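**Q**
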Amino acid sequence: MFLSLGVLCQDAIRLDLPESMNTVLNDPVTLPAAYSSKHNLLSLVWSKISDNSQKRTMIFSYYPGVGGRSYGEYEGRAELVGEASLKLDRTTNEDEGEYVLEITFDEVGREEGFVRLNVMVPPVVQVGPSDPYVTTMGRTATLTCAVRDAKPNVTALHWERDGVKIDSERSRTKYGGGNVDVPTLHVRAVSRADAGLYTCVVSHVVSPAAASLKLIVLYRASIIRISDSQEGQLKERVTLECIADGDPAPNVTWSKDGVRLASRTHALSGDVRSGTVTLNSLTMNDTGTYLCTASNGVGESHTKTTHLSVTGRIERRRGLNSASFAIIVGAVAGGLWLVFTLGLVVYFGRKRREKEKKKKYAFYYNMGKHEAPTLELPEKSLKPSAAYAGIETMRRTARQRAGKRYARALYPFMPTEENELALEVDDVIEVLEGEDGGWCLGFLRGRIGLFPSNYVKFLSASEVPDDLYQYAGDDGKLYSQQLQVKGDDRPATPRKTGGDKAQLREIECIEI
84 MFLSLGVLCQ DAIRLDLPES MNTVLNDPVT LPAAYSSKHN LLSLVWSKIS
134 DNSQKRTMIF SYYPGVGGRS YGEYEGRAEL VGEASLKLDR TTNEDEGEYV
184 LEITFDEVGR EEGFVRLNVM VPPVVQVGPS DPYVTTMGRT ATLTCAVRDA
234 KPNVTALHWE RDGVKIDSER SRTKYGGGNV DVPTLHVRAV SRADAGLYTC
284 VVSHVVSPAA ASLKLIVLYR ASIIRISDSQ EGQLKERVTL ECIADGDPAP
334 NVTWSKDGVR LASRTHALSG DVRSGTVTLN SLTMNDTGTY LCTASNGVGE
384 SHTKTTHLSV TGRIERRRGL NSASFAIIVG AVAGGLWLVF TLGLVVYFGR
434 KRREKEKKKK YAFYYNMGKH EAPTLELPEK SLKPSAAYAG IETMRRTARQ
484 RAGKRYARAL YPFMPTEENE LALEVDDVIE VLEGEDGGWC LGFLRGRIGL
534 FPSNYVKFLS ASEVPDDLYQ YAGDDGKLYS QQLQVKGDDR PATPRKTGGD
584 KAQLREIECI EI
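84 is the number of the first residue of the sequence shown in our numbering; add one for each residue after it.
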């Protein structure tokens, strides 16, 4: 790299060299040189001038027709490149200085040129006082940074913690120094947050340099959690835990009434430790206060307590003994018997209500069951003038039916008791007593009995057919002829009453 260019002239000779050149220690360097002349070259010699005595030490010489060679400590390191340039391999600090080039021509004599070589050395940074640097929380940490062998001197210096630059100018209460004028960094009142990797970084023309150390801040052990006070049952298994933090990692122990207990310690994280004591089968003697102690040699130990109360009630969790099993079986059996008893009460209660309801209509039922007396009745005249024939019969029937109620069977019903009526679909029953929603008393086919109201449809007087009548058949039985219910398009079907003339005569005399 040329810093400046000097030109030396004499009649018919021109010699070009830079004023100075820079190189880095251990790197190769070339001192450039060139000449021009109309005369013949006789010799070319490179020498180095001693700084103290001005004595010249020959480095390399060249003679046309003979060749060139290097001398002394430069032998094997110096060579001629190009027309007149000198190349040095693996430069050292001793290579720095003033170099002279001497050129001799015939007829015009000798000419000289000068160039200065500067050997630059990158800085070496050293931090201290040690790595790692250990201090205690609350103290001031002093971190040194020494820069050696820098040529030229460094231009800037600063500190970093975990890769982040520390601005000591803005945080003067926390930091002091840490710059190019005062390389030592002072960290006041260190805390756990100040621990980390500290690096001293310097700037140099060759390249930046840095060195690091680890700052470790020791702090006393501190219990951060302990098991809450609790109650335990006899024979139970209880574990008490105590967690502590500290640097160095704390030692956690348990004791009761001044007697140290067997415990187990394991690491939860870097500086956090857990100490546990396990009581496998509690006894009444285990009741008391348990003390956890955490210590690490920094400051005083830290202690906390918890209380354990053991009660005499034994809680069985793994199974049932014979007594418990018997109690459970007895309770289940008693429950089933109670359900069975309640079922019987409900059943007989319903039966009793049904009997009471049917007893209410027993009078009418018994009337329908009376055997007809043996009477000789006169034959009814079939002439139109008879009292029961023609229009007069229709009028009498209408008057009798005006205050009566009827119902038509929607579903067939088979009686389960003798005081119940058998129903077939479309049977028309004369309702003697009862309403929709329960049992009713009715008359059908010469019998009085009970029938369920939800099996029938109650009819108004206008819905009862006008041509419902009874007649005597050839077999001596009475028949009821129902042609058609109003609103029903199905044809009428004759239905047998099931009673003889005497029975029908007796029933017609009943006043409801």
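Note that CB positions come from ideal geometry on N, CA and C, so glycine has one too.
A quick note: this is a predicted structure, and the numbers were derived from the prediction, not measured.
Quick one: using the 10 Å Cβ neighbour count with 16 as the cut-off for buried, is Val48 buried or exposed?
**A** With the chain represented from 84 up to 595, any question about residue 48 goes unanswered, as that position is not in the structure.
**Q** Would you mind listing the beta strand (DSSP E) stretches within the segment 152–215 that are 3+ residues and don't spill past its ends, in chain order?
**A** List check, beta strand (DSSP E) in window: 161–164, 168–171, 180–188, 192–203 and 207–211.
**Q** Give a yes or no on whether the C-beta atoms belonging to Arg303 and Ile326 are separated by under 9 Å.
**A** Taking the first residue of the sequence shown as 1, we reach residue 303 at position 220. Taking the first residue of the sequence shown as 1, we reach residue 326 at position 243. It is not a contact, given that the beta carbons lie outside the stated cut-off.
**Q** Quick check on the DSSP output: what are the complete alpha helix (DSSP H) runs of length 4 or more inside the segment 327–366, in order along the chain?
**A** If we require 4 residues or more, the segment 327–366 turns out to have no alpha helix (DSSP H) run fully inside it.
**Q** Give every residue of the same chain whose Cβ lies closer than 8 Å to the Cβ of Arg160, excluding the five residues on either side of it in the sequence, and list them in chain order.
**A** As a working note, residue 160 is residue 77 in the sequence shown. Once the five neighbours on either side are set aside, the close Cβ partners of Arg160 are Ser153, Leu171, Asp172 and Arg173.
**Q** Between Gly165 and the rest of its own chain, which residues show a CB-CB distance below 7 Å, the 5 nearest in sequence each way excluded?
**A** Locating residue 165 in the sequence shown gives position 82, counting from the first residue. If we look at Gly165 and ignore the five residues flanking it on each side, it has no Cβ neighbours.
**Q** Measuring only the C-alpha atoms, how far is Val204 from Arg244?
**A** The sequence position of residue 204 within the sequence shown is 121, counting from 1. The sequence position of residue 244 within the sequence shown is 161, counting from 1. Val204 and Arg244: Cα-Cα distance of roughly 27 Å.
**Q** Return helix, strand or coil for Ile410, following the three-state DSSP convention.
**A** In the sequence shown, residue 410 corresponds to position 327, counting from 1. If DSSP states are grouped into helix, strand and coil, Ile410 belongs with the helices.
**Q** Please confirm whether Arg491 and Asp510 have their CB atoms less than 9 Å apart.
**A** Locating residue 491 in the sequence shown gives position 408, counting from the first residue. Locating residue 510 in the sequence shown gives position 427, counting from the first residue. Yes, the Cβ-Cβ distance between Arg491 and Asp510 is below 9 Å.
**Q** Note down the Cα distance separating Gly432 from Lys438, rounded to an integer number of angstroms.
**A** On the sequence shown, position 349 is the one that residue 432 refers to. On the sequence shown, position 355 is the one that residue 438 refers to. Distance between the alpha carbons of Gly432 and Lys438 is about 10 Å.
**Q** Taking Cβ to Cβ, would you say Val508 is nearer than 9 Å to Leu493?
**A** Taking the first residue of the sequence shown as position 1, residue 508 is located at position 425. Taking the first residue of the sequence shown as position 1, residue 493 is located at position 410. Against a cut-off of 9 Å, the Cβ pair of Leu493 and Val508 comes out as a contact.
**Q** Can you find the residues in the same chain that come closer than 6 Å, C-beta to C-beta, to His385, ignoring five residues on each side of it along the sequence?
**A** On the sequence shown, position 302 is the one that residue 385 refers to. Answer for His385: Ala304, Ser305, Ile306 and Ala377, listed in chain order.
**Q** How about Tyr373 and Leu391: are their beta carbons less than 9 Å apart?
**A** Against the sequence shown, residue 373 aligns to sequence position 290. Against the sequence shown, residue 391 aligns to sequence position 308. In contact: Tyr373 and Leu391 (Cβ atoms closer than 9 Å).
**Q** Are Leu317 and Leu365 closer than 9 Å when you measure CB to CB?
**A** Your numbering for residue 317 matches position 234 in the sequence shown. Your numbering for residue 365 matches position 282 in the sequence shown. Result yes, Cβ atoms of Leu317 and Leu365 sit closer than 9 Å.
**Q** Please name the residue in Phe534, Thr218 and His241 whose C-alpha comes closest to that of Leu298.
**A** Along the sequence shown, one-based indexing puts residue 298 at 215. That would be Thr218, whose Cα lies nearest to the Cα of Leu298.
**Q** Taking all protein chains shown into account, decide if Ile186 is buried (16 or more other Cβ within 10 angstroms of its Cβ) or exposed.
**A** If you number the sequence shown from 1, residue 186 lands on position 103. Ile186 is buried by the Cβ-count criterion.
**Q** Kindly indicate which three-state DSSP category Ala490 falls into: helix, strand or coil?
**A** Here residue 490 refers to the residue found at position 407 when the sequence shown is read from its first residue. Note: Ala490 maps to strand in three-state DSSP.
**Q** Look up Phe526 in the DSSP assignment and give the residues it is bridged to.
**A** Indexing the sequence shown from 1 puts residue 526 at position 443. Beta-bridge pairing links Phe526 to Glu513 and Ile531.
**Q** Compare the beta carbon distance of His349 and Arg356 with 9 Å and say whether it is the shorter of the two.
**A** Reading the sequence shown from its first residue, position 266 is the one you call residue 349. Reading the sequence shown from its first residue, position 273 is the one you call residue 356. Yes, they are a contact pair.
**Q** Contact defined as beta carbons within less than 8 Å: I believe Gly260 pairs with Ile249. What is the distance between those atoms, to the nearest angstrom?
**A** Along the sequence shown, read from residue 1 onward, the residue named residue 260 stands at position 177. Along the sequence shown, read from residue 1 onward, the residue named residue 249 stands at position 166. No, Gly260 and Ile249 are not in contact; Cβ-Cβ is about 10 Å, not under 8 Å.
**Q** Is it a yes or a no for the segment 225–244 touching the segment 125–133, going by three-plus beta-carbon pairs under 8 Å?
**A** Touching, no, given that fewer than three Cβ pairs across the two stretches are closer than 8 Å.
**Q** Under the three-state reduction of DSSP, which class applies to Glu437: helix, strand or coil?
**A** Here residue 437 refers to the residue found at position 354 when the sequence shown is read from its first residue. Of the three classes helix, strand and coil, the one that applies to Glu437 here is helix, per DSSP.
**Q** With DSSP run on the structure shown, which of helix, strand or coil describes Arg320?
**A** As a first step, residue 320 must be located in the sequence shown, where it is residue number 237. Three-state DSSP puts Arg320 in coil, outside helix and strand.
**Q** What are the residues that DSSP puts in a beta bridge with Met141?
**A** As a working mapping, residue 141 is identified with position 58 in the sequence shown. BP columns for Met141 point to Ser130.
**Q** Which ranges does the beta strand (DSSP E) cover as unbroken runs of at least 3 residues, wholly within the segment 286–310, from first to last along the chain?
**A** Those beta strand (DSSP E) runs which fall completely within the segment 286–310 and span 3+ residues are 292–309.
**Q** Label Gly358 either buried or exposed according to how many other C-beta atoms from any shown protein chain fall within 10 Å of its C-beta, with 16 as the threshold for buried.
**A** Residue 358 sits at position 275 when you count from the first residue of the sequence shown. Buried.
**Q** Rounded to whole angstroms, what's the CA-CA distance from Ala272 to Ala224? Just pull it up for me.
**A** What you label residue 272 is simply residue 189 of the sequence shown in a count that begins at 1. What you label residue 224 is simply residue 141 of the sequence shown in a count that begins at 1. Their backbone Cα atoms lie some 8 Å apart in a straight line.
**Q** Looking at Val210: is its Cβ nearer than 9 Å to the Cβ of Leu296?
**A** Indexing the sequence shown from 1 puts residue 210 at position 127. Indexing the sequence shown from 1 puts residue 296 at position 213. Contact: yes.
**Q** Look up Glu383 in the DSSP assignment and say whether it is helix, strand or coil.
**A** Residue mapping note: residue 383 aligns to position 300 of the sequence shown, counting from 1. Glu383 falls in the coil class under three-state DSSP.
**Q** Could you name the residues of the same chain whose beta carbon sits closer than 7 Å to that of Ser286, not counting the 5 residues immediately before and after it, in chain order?
**A** Reading the sequence shown from its first residue, position 203 is the one you call residue 286. For Ser286, where only same-chain residues beyond five positions count, the Cβ hits under 7 Å are Val237, Thr238 and Ala239.
**Q** Considering only the alpha carbon of each residue, which of Asn123, Ser312, Gly155 and Arg436 lies closest to Thr370?
**A** As a first step, residue 370 is located in the sequence shown; it is residue number 287 there, counting from the start. Comparing Cα positions, the closest option is Ser312.
**Q** For Asn105, which option in Tyr146, Thr175, Asp99 and Glu194 has the closest C-alpha, if you only look at C-alpha atoms?
**A** Against the sequence shown, residue 105 aligns to sequence position 22. The shortest C-alpha separation from Asn105 is found at Thr175.
**Q** Just the C-alpha distance for Glu516 and Leu504, rounded to the nearest angstrom, thanks.
**A** Counted from its first residue, the sequence shown places residue 516 at position 433. Counted from its first residue, the sequence shown places residue 504 at position 421. For Glu516 and Leu504, the distance between alpha carbons rounds to 14 Å.
**Q** Could you tell me which residues DSSP pairs with Asn105 in its beta bridges?
**A** Walking along the sequence shown from the start, residue 105 turns up at place 22. DSSP, once it has assigned bridges, lists Asn201 as partnering Asn105.
**Q** Run the CB neighbour count on Phe526, radius 10 Å, all protein chains shown included, and call it buried at 16 or more, exposed below.
**A** For the purposes of this step, residue 526 is taken as residue 443 along the sequence shown, with counting starting at 1. So Phe526 counts as buried.
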